[in-house]
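What follows is one structure encoded as structure tokens, with my remarks underneath.
Residue numbers (the UniProt record's numbering): 1 to 49.
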């Protein structure tokens, strides 16, 4: 998984998770949070395999 999560995470910080989820949708929010949580995991793979 890879991608830019700054915009979505900034929205969560600014207006809260529920409001950001209404704007971006549940699937995109879940993906952004998975990416953010995975970036802290040493087992996360970046780039193409």
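The C-beta atom is built at its ideal place from N, Cα and C for all residues, glycine as well. Source: prediction; values computed, not measured.
What residues in its chain sit with their C-beta under 6 Å from that of residue 3, if we drop five residues either side in the sequence? Within the chain shown, the letter at position 3 stands for residue 3. The residues are 35.
Buried or exposed, going by whether 16 or more other CB atoms sit within 10 Å of the CB of residue 12? As a position in the chain shown, residue 12 is number 12, starting the count at 1. It counts as buried.
In three-state DSSP terms, what is residue 5? On the chain shown, residue 5 is found 5 positions in, with the first residue counted as 1. Coil at residue 5, not helix or strand.
Exposed or buried, which one is residue 14 when buried takes at least 16 other CB atoms within 10 Å? Translated into positions along the chain shown, residue 14 becomes position 14. That one is exposed.
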